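Read top to bottom, the protein sequences are chains A and B.
Here the first sequence stands for residues 0 to 301, numbered as in numbering that gives the first Met the number 0.
Here the second sequence stands for residues 0 to 342, numbered as in numbering that gives the first Met the number 0.
To start, the structure itself, in C-alpha cells.
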Amino acid sequence: MKKETHPRLRELRYTLYRIFRNPSAIIGFSLLFIFLAVAIFAPAIAPPKYAHNPYMMPHKGFSPTPKPPSETNIFGTTSGQYDIFYGVVWGTRTAFKIGLFVVTIAGFVGISLGAIAGYYGGVVDEVLMRITDIMWAIPTLVLAMAIVVAFGRGLDKVMIALALVQWRWYVRVIRSEILTLRDQDFVHASKIMGVSDFKIILRHILPNAIYPVLIMASMDMGSMVITASFMSFVGLGAPKGFADWGQMVALARNYIVGPADDPLRFWYTIVIPGCCIILFVLSWNLIGDALRDAFDPKLRRR
Amino acid sequence: MPTYILRRFFFLIFVLFGVSVLLFGILMTFSPERRAAAYVTTPQQAKDIPKIIKKFGLDDPFYIQYVRWIKEVSRGNMGWSLVASRPVGEAFWRYFPITLEMNLYAAPIVIILGIWLGTVSGIHRDTWLDHSTRIFAIIGWSLPTFLFALVLLMVFYGYFQWFSPGVLSDQLTMFIIDNPEQFTRYTGLLTVDGILNGRLDVALDAFHHLVLPILTYVIVVVALNMRVMRSGIIEELSKDYVMTAMAKGADKRTIHYKHARRNALLPVVTVAGQLVAMSMEGSIAVEVVYNRHGIGWWLAESATQLDMPVLMCICLFMGLVFVATNLTLDILYAYIDPRIRLN
C-alpha cells in the first residue's frame, strides 16, 4: 500500500504542479536561473581586475566617449571607458544583493510586527497600525530619498533606506491575513491545549498566512531593484564606476543621442544594462504572477 | 455619514502630525553643526558655527525645536532652496504647475484606458486578446520609468527628431520671459495659458513637449488599474446574478457592460490611492529624464545636493495630497456602494 503523504506536502505538490503548468512561471524561473548562474559564477565569467574590490569596473583610459563592441570589450565600453560586459556580470550580483537584503529585512520586520498586531489586537494593534498609517502617507521613493539624504549617499545607505520604508507593506498584508485566521477553531484548540502564543503564531498561523507575502516578496525583489537603480541614476546610490546597472545607465545618460549623422551610435551603453534591469524585474514579476494564480483560492481549483 | 467624515478628517490631521514628526526626526539625525552649516555662506563664517547653534537653538531638546519648526512652517517659512536659490515656499509654486499639468492630462488616460483594457481582458478571459493585454501589462509593470523614458528619448528625439525634452522650445520661452505684459500667467499651466492669451502656438508647442512624458507615464502606470479591473470583471462574471441574467436570455452586452462592469469598478476605486502614490513617484523619473523643471525634478536635484528643507516640504506636500485623496476616496466609496453607506 502506498504511504499516505502529509497533507501539507500534498498541497505543496499540487501548488508546484499549478505553478509549472503556467507558461509565465516557466519563462520567469528560466530567466531567474540564468541570472542566478551569472551571479554565482561572476568571478569566472569576468575575472576581477582589482581583487580587493571586484565591484569596481575596470577601465582603460578616461575618454568620455563610449567605444563600440570589439574583441577585447565584447559589449563595448561606456563613458569613462568602463567595460560594459564586466559591469553587467557583476551588476547581477549587486541586483541580487539589493533585492535580497531589502526583502529579507523588510519582510522580517513587517511579518513580525504584522503578526503581533493581528494576533493580539487591542492597544498593540492600534498603536502599530497608526504608526504604519503615518509611514504610508509618503511614497516609497520619496521617503527613501529623504532617509538617504539624512544618512549620506551610497548603495548601502539606499538599501537600508528602502528596507526602512518597505516593511509597511508586509505589515498590512500579514495582518489582514491573520485577522481571518485568529478566530478559527484550530487556533482556539491549540490555545486550550496550552500551546504558547509564540508557537501558535509560528507553527499554526504563519504557514497559513504566508502565501500573499511570498507573492509580494517576489514582486518586491524586482521593484526594489528598480527603485535602487533609479536612485543610483540620479546619483544617490552607487558611486561612479561601481558595477550597478542603474549607475551604468547614469554613466551613459549624456550619450543617448549620438552625432547628427548617426543618432543611435551609442545605443549599447543604454540598451545593454537597461535590458538587464528589465529582464531581472520581469523574471520576478512573472514568478509573482504565477504564484498569485497558483495560490489564489478562487482560481486555484478550476 | 457625517460622523464618518468627521472621523476620517481627524485621522487626516493625526497622520499629518505623525508625518511631520517623522520628517523632523529624520532631520534631527543631522548633528547641530551640520544643520548650522546651512546658514554659513562664506569660509570666514565657519568659526561662527557655535554662535549660530546658540542663536537658532539647534542643540535644544527635540520637542522645543519641533514646536519652533512647526510654527515657522505654519507661517509659510519652509527654509531656503539651494537649487532654486529662493525660499522653498516660493519655489514650490514655480515648480508645481509643471507637474500638475502633466498629471492632469495623464490621469484621465490612465483611468479610462485601464478600465477599458481590464474589461476587454476579463470578458475574453484566456483568449489571445487576454494573453496579449496581460503580457503588455506585465512588461509595462516591469519597465523602470526612467529607463523607458530614456529609450523613448533616444528613439523619438535622437533618431526621428519628432519630440524634444524640456517644457517649451527656447524661442517661445524667451518670448514669455521678455514680454510678461503680452503673456499673462493666469494658471501657470502653459497649455491653458496659451489658449487664454490667444497664443495657440504656445499651447501647441507645450502640448508637443507633453506627448512623450504622458506616453511614458501611461504605459508604466496603466498596468495596476488594468489588473484590478480584470480580476474584478472575472469575479463578477462568475456570480449568481450573472448566471441568472444569462439563463433568462439577457443580452450579453447588457450583462457585461451594465451589470458586471459597474460592480467591478468598486475595487478600482480602492486602488486609486495607490495610483496617486505611483503617479508621484512616476513624475520624479519622468521629469528628471525629460528635463521638465517640476516638483519631481526639484526633489531629485535637491536630494543630490543634500538639501533637506526641500525634501521635507515635498514630503509634507505629498503626505497631504495622499491623505486628502484617501479621504475623498473613502467618502466616494461609501457614496457609490450602498452596502457601506447603509451600515
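Beta carbons are placed, not taken as given, at the ideal position from N, Cα and C, and that holds for glycine.
Treat the numbers as computed from the prediction; the structure is a model and nothing was measured.
State yes or no: is the beta carbon of residue 134/A nearer than 9 Å to at least one beta carbon in chain B? As a working note, residue 134/A is residue 135 in the first sequence. Closer than 9 Å: yes.
Does any CB atom of chain B fall closer than 9 Å to the CB of residue 71/A? Taking the first residue of the first sequence as position 1, residue 71/A is located at position 72. With a threshold of 9 Å between beta carbons, residue 71/A makes no contact with chain B.
Members of the segment 255-272 of chain A near chain B, C-beta cut-off 8 Å: Of all residues in the segment 255-272 of chain A, those with a C-beta nearer than 8 Å to a C-beta of chain B are 255, 256, 257, 262, 263, 266, 269 and 270, reading in chain order.
Would you mind telling me which residues of chain A sit closer than 8 Å to residue 140/B, beta carbon to beta carbon, in chain order? Looking up residue 140/B in the second sequence gives position 141. Here the neighbours are 284.
Interface residues of chain A around residue 158/B at Cβ under 9 Å? For this step, residue 158/B is matched to residue 159 along the second sequence. 256, 262 and 263, listed in chain order.
In whole angstroms, what separates the C-alpha of residue 286/B from that of residue 86/A? The residue you call residue 286/B lines up with position 287 of the second sequence. The residue you call residue 86/A lines up with position 87 of the first sequence. A direct Cα-to-Cα measurement between residue 286/B and residue 86/A gives close to 27 Å.
Spatial neighbours of residue 23/A in its chain, beta-carbon cut-off 7 Å, leaving aside the 5 residues before and after: To locate residue 23/A, count along the first sequence from 1; it is residue 24. For residue 23/A, where only same-chain residues beyond five positions count, the Cβ hits under 7 Å are 285, 288 and 289.
Tell me the rounded alpha-carbon separation between residue 191/B and residue 289/B. If you number the second sequence from 1, residue 191/B lands on position 192. If you number the second sequence from 1, residue 289/B lands on position 290. Spanning the two alpha carbons is a distance of roughly 21 Å.
By the criterion of Cβ-Cβ separation under 8 Å, what are the contact partners of residue 161/A in chain B? On the first sequence, position 162 is the one that residue 161/A refers to. None at all; the shortest Cβ gap to chain B is about 13 Å.
To the nearest angstrom, how far is it from the Cα of residue 144/B to the Cα of residue 309/B? On the second sequence, position 145 is the one that residue 144/B refers to. On the second sequence, position 310 is the one that residue 309/B refers to. Cα-Cα distance, rounded: 23 Å.
Only counting the same chain, and skipping five residues up and downstream in sequence, which positions put a Cβ closer than 6 Å to that of residue 164/A? The residue you call residue 164/A lines up with position 165 of the first sequence. Hits under 6 Å: 139, 142 and 143.
Beta-carbon contacts of residue 0/A that lie in its chain and below 6 Å, excluding the five residues immediately before and after: Within the first sequence, residue 0/A is the residue found at index 1, counting from 1. With a pLDDT of 48 at residue 0/A, under the threshold of 50, the modelled position of this residue cannot be trusted, and the question is left open.
Pair every Cβ in the segment 272-280 of chain B with every Cβ in the segment 316-326 of chain B, then say whether three or more of these pairs are closer than 8 Å. At 8 Å Cβ cutoff, the stretches touch.
Classify residue 98/B as helix, strand or coil using the three-state DSSP reduction. On the second sequence, residue 98/B is found 99 positions in, with the first residue counted as 1. In the structure shown, residue 98/B sits in a helix (DSSP, three-state: H, G or I).
For residue 159/A, which residues from the same chain have a beta carbon less than 8 Å from its beta carbon, with the 5 sequence-adjacent residues on both sides left out? As a working note, residue 159/A is residue 160 in the first sequence. Once the five neighbours on either side are set aside, the close Cβ partners of residue 159/A are 146 and 150.
Could you say which of 168/A, 100/A and 104/A lies nearest to residue 131/A if we only look at CA atoms? By one-based count along the first sequence, residue 131/A stands at place 132. Residue 168/A is the option with its Cα nearest to residue 131/A.
Would you check if the distance between the CB atom of residue 93/A and the CB atom of residue 237/A is smaller than 9 Å? Within the first sequence, residue 93/A is the residue found at index 94, counting from 1. Within the first sequence, residue 237/A is the residue found at index 238, counting from 1. Judged by beta-carbon spacing, residue 237/A lies within the 9 Å limit of residue 93/A, meaning their Cβ atoms are closer than that value.
Local conformation of residue 338/B per DSSP, three classes: In the second sequence, the residue the question calls residue 338/B occupies position 339. Reduced to three states, the DSSP call for residue 338/B is helix.
So, using beta-carbon positions, are residue 110/A and residue 127/A closer together than 9 Å? Sequence index remark: in the first sequence, residue 110/A carries index 111 (1-based). Sequence index remark: in the first sequence, residue 127/A carries index 128 (1-based). A distance of 9 Å or more separates the beta carbons of residue 110/A and residue 127/A.
Measuring CB atoms only, is the segment 188-207 of chain A touching the segment 253-273 of chain A, in the sense that at least three cross pairs come out at less than 8 Å? Inter-segment contact for the segment 188-207 of chain A and the segment 253-273 of chain A is absent: fewer than three beta-carbon pairs are separated by less than 8 Å.
Less than 9 Å between CB atoms is the rule here; does residue 128/B satisfy it with respect to chain A? For this step, residue 128/B is matched to residue 129 along the second sequence. So, not an interface residue.
Mark residue 238/B as exposed unless 16 or more other C-beta atoms lie within 10 angstroms of its C-beta, in which case mark it buried. The residue given as residue 238/B occupies position 239 in the second sequence. Around the beta carbon of residue 238/B, fewer than 16 other beta carbons sit within 10 angstroms, so the residue counts as exposed.
Cut-off 6 Å between Cβ atoms - residues of its own chain near residue 175/B, not counting five sequence neighbours on either side: Along the second sequence, one-based indexing puts residue 175/B at 176. Excluding its 5 nearest sequence neighbours in each direction, residue 175/B has C-beta neighbours in its own chain below 6 Å: 182, listed in chain order.
To be precise: take each residue of the segment 144-173 of chain A, compare its Cβ to all Cβ atoms of chain B, and keep it if any distance is under 9 Å. Which residues remain? Taking 9 Å as the Cβ-Cβ cut-off against chain B, the residues of the segment 144-173 of chain A that qualify are 144, 145, 146, 147, 148, 149, 150, 151 and 152.
What residues of chain A sit near residue 21/B, judged by a beta carbon separation below 7 Å? Numbered from 1 along the second sequence, position 22 holds the residue referred to as residue 21/B. Neighbourhood of residue 21/B in chain A, by CB distance below 7 Å: 133, in chain order.
Residue 301/A versus residue 21/B: straight-line alpha-carbon distance, rounded: As a working note, residue 301/A is residue 302 in the first sequence. As a working note, residue 21/B is residue 22 in the second sequence. For residue 301/A, the pLDDT reaches just 48, beneath the cut-off of 50, and the residue's location in the model is therefore unreliable, leaving the point undetermined.
Roughly how many whole angstroms lie between the Cα atoms of residue 265/B and residue 329/B? Taking the first residue of the second sequence as 1, we reach residue 265/B at position 266. Taking the first residue of the second sequence as 1, we reach residue 329/B at position 330. In this structure, the straight-line span from the alpha carbon of residue 265/B to that of residue 329/B is close to 11 Å.
Indicate whether residue 27/A and residue 282/A have their beta-carbon atoms separated by less than 9 Å. Mapped onto the first sequence, residue 27/A falls at position 28. Mapped onto the first sequence, residue 282/A falls at position 283. Result yes, Cβ atoms of residue 27/A and residue 282/A sit closer than 9 Å.
Please report the distance separating the alpha-carbon of residue 63/B from that of residue 57/B. Locating residue 63/B in the second sequence gives position 64, where the first residue counts as 1. Locating residue 57/B in the second sequence gives position 58, where the first residue counts as 1. Whole-angstrom Cα-Cα distance: 10 Å.
Rounded to the nearest angstrom, what separates residue 225/B and residue 94/B at their Cα positions? Looking up residue 225/B in the second sequence gives position 226. Looking up residue 94/B in the second sequence gives position 95. Separation of residue 225/B and residue 94/B (C-alpha to C-alpha, rounded to the nearest whole angstrom) is 31 Å.
Exposure label - residue 294/B; buried when at least 16 CB within 10 Å: Residue 294/B sits at position 295 when you count from the first residue of the second sequence. Answer is buried; the Cβ neighbour count reaches 16.
The segment 170-187 of chain A in contact with the segment 198-210 of chain A per 3-pair CB rule at 8 Å: With a cut-off of 8 Å, the segment 198-210 of chain A and the segment 170-187 of chain A count as touching, because enough Cβ pairs lie within range.
Decide if the segment 244-253 of chain A is in contact with the segment 38-52 of chain A; the criterion is three or more beta carbon pairs, one per stretch, under 8 Å apart. No, the segment 244-253 of chain A does not touch the segment 38-52 of chain A.
Given 8 Å as the limit, is there contact between the segment 93-104 of chain A and the segment 219-226 of chain A, that is, 3 or more CB pairs closer than that? With the cut-off at 8 Å, the segment 93-104 of chain A and the segment 219-226 of chain A touch.
Within the segment 102-157 of chain A, ranges of the alpha helix (DSSP H) (whole runs, at least 4 residues): For the segment 102-157 of chain A, the full-length alpha helix (DSSP H) segments reaching 4 residues or more read 121-135 and 139-150 along the chain.
Note down, one range per segment and in chain order, each alpha helix (DSSP H) of at least 4 residues found wholly within the segment 239-295 of chain A. Contiguous alpha helix (DSSP H) elements confined to the segment 239-295 of chain A occur at 244-250 and 266-294, taking only those with 4 or more residues.
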